[in-house]
Amino acid sequence: MNGLQQTLTLAWRSLVQVRRNPWELGDYSIQPILFLVLFLYVFGGAIAGSPDDYLEFVLPGVIVMNMMFVTVYVGHGLNTDLTRGVFDRFRALPIPRWAPLAGRILADVVKQALGIALLLAVGYLLGFRLATSIAHLLGMVVLVLVFAVAFSWVMVLVGVLARDPEHVQLFGFTALFPVTFVSSVFVPVETMPEWLQGFVYANPVSLLADAARALMNGGPAAAPALGSLLWALGIAVVFAPLSVYALNRRLARG
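Basically this note's numbering = 1-based index in the sequence shown + 4.
Right, dumping it as structure tokens:
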């Protein structure tokens, strides 16, 4: 119970820091809105025939894409704390070594949820209408946030291993661009070259985008949702202990 309380306290610490840097929220709100509007009105006609027809396809994709990209800031914030000696102070406190990591991820989940809500509101203003139910919509939000928690552990490991915050962003965004854009986030897989489709179908980002799309627009959601959950579980099982181990080694080196 103490570990949970300490995690919540450290999550609150991360959220309070936003007051000193409110522009950080722009990556959770303004950036995805710009992506949505850009892809909708610049590429929507070419991809789907009209922006209105493309909206129901691209909105779930932008939600997934933005979730992936903003996880970089989990690693960035963690690395900032490490380089500034904040973790040296944490070591003097009676808290589990994993609590600061989990606290930062939890804070990110709160910001992610607010970003998803804002994107859905903008999507509604642009003409999107839910074809399923509120329960399906909530299921989509929960599924995306579960995947965000899992993938955040990858960025935690990057944050622990990187030399400075700039290298976290450089590696994170460089790795995420091909993983995110070579997926079904923005275009149907069938429109891609056959030699590329195998990778796209196996890409967990495609599974998550397909699941989000089915939960919002209707269609078979069970298989992609289950696949996304299994990917999330596998990522968390591998990268959470690796992150804690890497943190212990870095702190031991001083």
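Even glycine gets a Cβ: it sits at the ideal position worked out from N, Cα and C.
- Here residue 97 carries a coil assignment [DSSP, helix/strand/coil].
- It is roughly 30 Å from the alpha-carbon of residue 66 to the alpha-carbon of residue 103.
- Note on geometry: alpha-carbon atoms of residue 32 and residue 185 lie some 18 Å from one another.
- Per DSSP, residue 28 is not a residue of any alpha helix (DSSP H), being assigned neither H nor E.
- Contact between residue 76 and residue 177 holds, with the beta-carbon distance rounding to 6 Å and staying under 8 Å.
- In the structure shown, residue 55 falls within a helical segment according to DSSP collapsed to helix, strand and coil.
- If you keep only unbroken beta strand (DSSP E) runs of at least 3 residues inside the region 151-214, you get nothing at all.
- In this structure, residue 101 keeps its C-beta atom at 8 Å or more from the C-beta atom of residue 78.
- Just so you know, the alpha carbons of residue 17 and residue 119 end up roughly 19 Å apart.
- The straight-line gap separating the alpha-carbon atoms of residue 188 and residue 92 is approximately 43 Å.
- Exposure of residue 54 is indicated by the presence of fewer than 16 other C-beta atoms within 10 angstroms of its C-beta.
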